[in-house]
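Going by our numbering, the sequence shown opens with residue 2, and the numbers climb by one from there. Glycine included, each C-beta is placed from N, C-alpha and C at the ideal position.
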Amino acid sequence: MLAGAHAFETFGRYLPCDLCLRQREIYWAAMTISAIGLLAIRQWKSVRLVITLNALLFLCFMTSLVVAAYHAGVEWDIFAGPAGCSSTAGGATGEIPTGIPSLEDLNRPRGTVSCSEAAWRMFGISMAGYNALISLALSVASGYFSLKALARAEKPSELY
Numbered sequence: 002m003l004a005g006a007h008a009f010e011t012f013g014r015y016l017p018c019d020l021c022l023r024q025r026e027i028y029w030a031a032m033t034i035s036a037i038g039l040l041a042i043r044q045w046k047s048v049r050l051v052i053t054l055n056a057l058l059f060l061c062f063m064t065s066l067v068v069a070a071y072h073a074g075v076e077w078d079i080f081a082g083p084a085g086c087s088s089t090a091g092g093a094t095g096e097i098p099t100g101i102p103s104l105e106d107l108n109r110p111r112g113t114v115s116c117s118e119a120a121w122r123m124f125g126i127s128m129a130g131y132n133a134l135i136s137l138a139l140s141v142a143s144g145y146f147s148l149k150a151l152a153r154a155e156k157p158s159e160l161y
């Protein structure tokens, strides 16, 4: 998901809005949880760790589902978007900086892309809509594997 988002930004020149960036943060959190969890499971083989890792990933992907569905709802004018998502691209005054930036230029707030306008759609579904669908699938998968690990525990003592 992150590679796809960055590819759209780099090659397609689609700038992310604030809600797009929030969705990316959730995937970064999921990647961090996965890496730490896999290292822990490799070090200490425990069904409890597998269940915990999958449960944490389930929560991450459910959070991603909520944020992505909210973003898609903002794009369809179902929900009001956050206040920070309504400005235009460019500088805070609308001017685009030229030349070498100074420290003042780096600290000056920049405008953002509007969250209420979908930059890209395929089959009528925006990137936020696809993220919601993928987050739902990942939530189901991580929840399934958490429950499967719980059911496969041969005895309750393996959980502790």
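Per the Cβ contact rule, the segment 134–148 is in contact with the segment 61–74 (3 or more Cβ pairs under 8 Å).
Just measuring C-alpha positions, the residue of Ile126, Gly125 and Val51 sitting nearest Arg153 is Val51.
Counted as a single uninterrupted DSSP element, the stretch harbouring Ala154 is not any alpha helix (DSSP H), since DSSP gives it neither H nor E.
Rounded to the nearest whole angstrom, the C-alpha separation of Ser47 and Leu148 is 15 Å. Asp78 is the residue among Asp78, Gly125 and Ala150 whose C-alpha sits nearest the C-alpha of Ser115. Under the three-state reduction of DSSP output, Met32 falls in the helix class. 8 Å or more divides the Cβ of Ser127 from the Cβ of Phe59.
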